[in-house]
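S.K.:
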Amino acid sequence: MPVRMRLQRHGKKGMPFYHIVIADGRAPRDGKFIEKLGTYNPITRPAEIVIDVDKAIKWLRNGAQPTDTVRAILSYKGVLYKNHLMKGVEKGALTQEQADVKFNEWLSTKEAKINKIKTDSKLASKEELKKRLEAEAKVKEAKAALIAEKRAKELAEKQKANADEQSEATAEEAPVQEDNAENPAE
65 MPVRMRLQRH
75 GKKGMPFYHI
85 VIADGRAPRD
95 GKFIEKLGTY
105 NPITRPAEIV
115 IDVDKAIKWL
125 RNGAQPTDTV
135 RAILSYKGVL
145 YKNHLMKGVE
155 KGALTQEQAD
165 VKFNEWLSTK
175 EAKINKIKTD
185 SKLASKEELK
195 KRLEAEAKVK
205 EAKAALIAEK
215 RAKELAEKQK
225 ANADEQSEAT
235 AEEAPVQEDN
245 AENPAE
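For the sequence shown, the numbering used here begins at 65 and goes up steadily by one.
#1: Quick check on L71: does DSSP put it in helix, strand or coil?
#2: For the stretch 187-219, list the beta strand (DSSP E) runs that are entirely contained and at least 3 residues long, ordered along the chain.
#3: Are E86 and F97 close, meaning C-beta to C-beta below 9 Å?
#4: Can you confirm whether the stretch 99-106 touches the stretch 119-135 when touching is taken to mean that 3 or more C-beta pairs between the two stretches lie within less than 8 Å?
#5: If we ignore side chains and look at the alpha-carbon of each, how far apart do G95 and A111 end up?
#6: Please report the distance separating the alpha-carbon of Y145 from that of N105.
#7: Would you kindly report the start and end of the unbroken alpha helix (DSSP H) that includes T133?
#8: Give me the DSSP bridge partner(s) of V85.
#9: Could you tell me whether the stretch 154-161 touches the stretch 118-127, where touching means 3 or more Cβ pairs closer than 8 Å?
#10: Going by the CB atoms, is the gap between R109 and S185 shorter than 9 Å?
#11: Where does N126 fall in DSSP's three states?
See below:
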């Protein structure tokens, strides 16, 4: 019975979420499994991976074959590196303490890289939001200027129309007064 370390898909359409499981190689992808090792959420940035390192090493030593994706996940989380160090301890190339120190150094540098990626992505998203808001403010100002210009034209036209009406009204009133001046008897 070939034992495989693989992903088991969960989540809804377009929102995948995976369980990292140990399963019989002949079992369906989302079918029966032997043991759950952790989870993998590819939607978040960076991807969220939770895995039990000791269980994963135990299964690797028992001959479980990881799929390509699971192998990449194990490498990313340092499981394969720790397994490599454990083999060195068994052969006597280094002591358990030396192996733990090397693994902890590797973990700290990996966490620093991940934190840098997170902060960089947060800063980039804040900058993008700031740029979008500035662009939106410029568009809003341009629209306000167009509206103000349009209203100024309408107001000027109304004032001109009112001035024309007043000049016409004064022009009509002036001849009426002349007629009254010519006939004072009336």
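Every residue gets a Cβ at the ideal spot worked out from N, C-alpha and C, and that includes glycine.
M.R.: Per the coordinate set shown:
#1: strand
#2: none
#3: According to the sequence shown, residue 86 is Ile rather than Glu. Yes; because the gap between Cβ atoms is below 9 Å, this pair is in contact.
#4: Yes: the two stretches touch, three or more of their Cβ pairs being nearer than 8 Å.
#5: Between G95 and A111, the C-alpha separation is close to 24 Å.
#6: 22 Å
#7: 132-141
#8: R70, K100
#9: no
#10: yes
#11: coil
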